[in-house]
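Basically my numbering = 1-based index in the sequence shown + 573. Where a beta carbon is used, it is the ideal one built from N, C-alpha and C, also for glycine.
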Amino acid sequence: MSLKTPLGRVLGLGAAGTGVGHWWQQRVTAAALALLGLWFVIALIGLETATRAAVVDWIGSPLNAALLALLVLTAAWHSLLGTQVIVEDYVDGAGKVILLVLLQFVHVAAAAVGVMAILRVAIGGQ
């Protein structure tokens with residue numbers, strides 16, 4: 574005997590209907606972070622003895638700047654998904670909604686600052 578409604582069984586959705594999408598987003602961002610993280614570590618090993626000018630030139634490469642921005646954005650999105658689950662599971666009351674909104678603002682601001690820093694160095698060489 575199943576506690577799901579017939580429509581829920583057909584659509585394959587959980588109680589809220591959105592849990593599967595959130596779960597998949599976490600897995601996809603984790604896989605992307607694994608690949609981008611591997612690229613970043615290998616790049617850092619290659620830049621171990623580089624001067625500041627060489628690092629600025631490296632960031633100035635369009636491919637490297639794009640991959641760095643993608644790393645920042647993916648990390649921010651993955652972090653938001655994870656902290657959102659923690660708040661939803663462990664925070665009760667009216668503070669939950671406020672904290673969820675605050676988390677979104679913090680993560681968007683962090684991602685924006687990270688991308689702007691990359692663009693400033695890539696374009697301006699500062």
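Inset, instruction - Compare the C-alpha of V678 against each of T656, D662, L692, I696 and name the closest. - result: One-based indexing of the sequence shown puts residue 678 at position 105. The sequence as given places Phe at residue 678; Val does not occur at that position. When only C-alpha atoms are compared, the closest one is T656.
Inset, instruction - From the DSSP output, in three-state form, read off G687 for me. - result: Reading the sequence shown from its first residue, position 114 is the one you call residue 687. For G687, the three-state secondary structure derived from DSSP is helix.
Legend entry - CA nearest to the CA of A604, picked from T622, L644, A667: Within the sequence shown, residue 604 is the residue found at index 31, counting from 1. If you compare the alpha carbons of T622, L644, A667 with that of A604, the shortest gap goes to L644.
Inset, instruction - Go ahead and label I618 buried or exposed: buried means 16 or more other beta carbons lie within 10 angstroms of its beta carbon, across all protein chains shown. - result: One-based indexing of the sequence shown puts residue 618 at position 45. It is exposed - the Cβ of I618 has fewer than 16 other Cβ atoms within 10 Å.
Inset, instruction - For K669, I'd like the list of residues in its chain whose CB is within less than 8 Å of its CB, leaving aside the five on either flank, ordered along the chain. - result: The residue given as residue 669 occupies position 96 in the sequence shown. So the qualifying residues of the chain are V660, E661.
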